[in-house]
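Notes to accompany the following structure.
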Amino acid sequence: MTGSATAYLWDLLNAEIVTLLDDDSDGVPDTLGTVFASAALFPGLLEAGTLGSPALGILVTSTNSGSTISLNTRHTKLVDGNADGVADTSTTYRLKDVITFGPLFLESPRPDDTVVEVRGTVDSTVEVWESDEEGNRITLLGSASIVYETSSAVIALTGPLEEGEFLVLRDLTLDIKSNPREVVPEEP
Ligand SMILES: [Ca+2]
Ligand SMILES: [Ca+2]
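Residue numbers (the working numbering): 32 to 219.
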């Protein structure tokens, strides 16, 4: 399996995670390998077993744009810190530690606004540009880094926004752009 991703079997009966070996490299695992993590070190594997059978715990990443995901929910990962094939520690991570998205306008930009609130990938630098209707960048109006705690940033602009102009957000770090957004007055 050199050079390919390791496959794992979560053995609910014995509360352990075992590596799977693809002996003939055809992409289908053939034999059980070594124990990667056992309940002796990670009691959480026992609790997972009480989910019942048939059941398998999986981390679902939804690509459905209509669904709501929580960026702050903690997930557990088992880490093999010294690369000997056996997990040593468990730690938690948040969804925002591992996904990239955005950038998005948090609030609709309004005439006379001097800041734009955006949401985006943690630690990315996001720029606000005046653009044309298609989102082609014309003038840079401001930039800021996405703050970890809030997954957002308040970007100060070089001047107040004007009705009818278009804005586009650009994540400089990931090189991705938002759709253009027109600056319009708030509906009464
Ligand atoms: Ca095989
Ligand atoms: Ca290890």
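Ideal Cβ placement from N, Cα and C applies to all residues, glycine included.
Residue i vs residue j beta-carbon contact at 9 Å
i, j, result
"threonine 145", "leucine 192", "yes"
"glutamate 158", "leucine 135", "no"
"glutamate 148", "isoleucine 177", "no"
"leucine 203", "glycine 133", "no"
"serine 101", "arginine 150", "no"
"serine 69", "alanine 46", "yes"
Alpha carbon of residue i to alpha carbon of residue j, nearest angstrom
i, j, result
"valine 59", "aspartate 42", "18 Å"
"leucine 40", "serine 56", "17 Å"
"glycine 116", "valine 153", "30 Å"
"histidine 106", "glutamate 194", "44 Å"
"valine 110", "glycine 166", "43 Å"
"isoleucine 48", "aspartate 206", "38 Å"
"leucine 44", "threonine 120", "22 Å"
"tyrosine 124", "aspartate 54", "33 Å"
"leucine 137", "leucine 51", "44 Å"
"lysine 108", "proline 140", "39 Å"
"threonine 104", "glutamate 78", "19 Å"
"alanine 118", "threonine 62", "20 Å"
"threonine 156", "valine 215", "25 Å"
"phenylalanine 67", "lysine 127", "26 Å"
"glutamate 218", "proline 142", "12 Å"
"glutamate 196", "tyrosine 179", "30 Å"
"alanine 114", "alanine 184", "37 Å"
"arginine 168", "valine 129", "29 Å"
"threonine 122", "alanine 71", "16 Å"
Ligand 2 heavy atom lying under 8 Å from the CB of residue i
i, result
"alanine 114", "yes"
"alanine 71", "no"
"valine 66", "no"
"aspartate 119", "yes"
"aspartate 154", "no"
"aspartate 143", "no"
"aspartate 111", "yes"
Any non-hydrogen atom of ligand 3 closer than 8 Å to residue i Cβ
i, result
"proline 134", "Looking at this structure, you won't find ligand 3 anywhere; what it does contain is ligand 1 and ligand 2."
* Can you list, in chain order, every residue whose CB sits closer than 7 Å to a heavy atom of ligand 1? -> Every residue passing the under-7 Å Cβ criterion appears here: Asp53, Asp54, Asp55, Ser56, Asp57, Gly58, Val59, Pro60, Asp61.
* Using 8 Å as the threshold, is the stretch 198–215 in touch with the stretch 152–170, meaning 3 or more CB pairs across them? -> Between the stretch 198–215 and the stretch 152–170 there are three or more inter-stretch CB-CB distances shorter than 8 Å, so the stretches are counted as touching.
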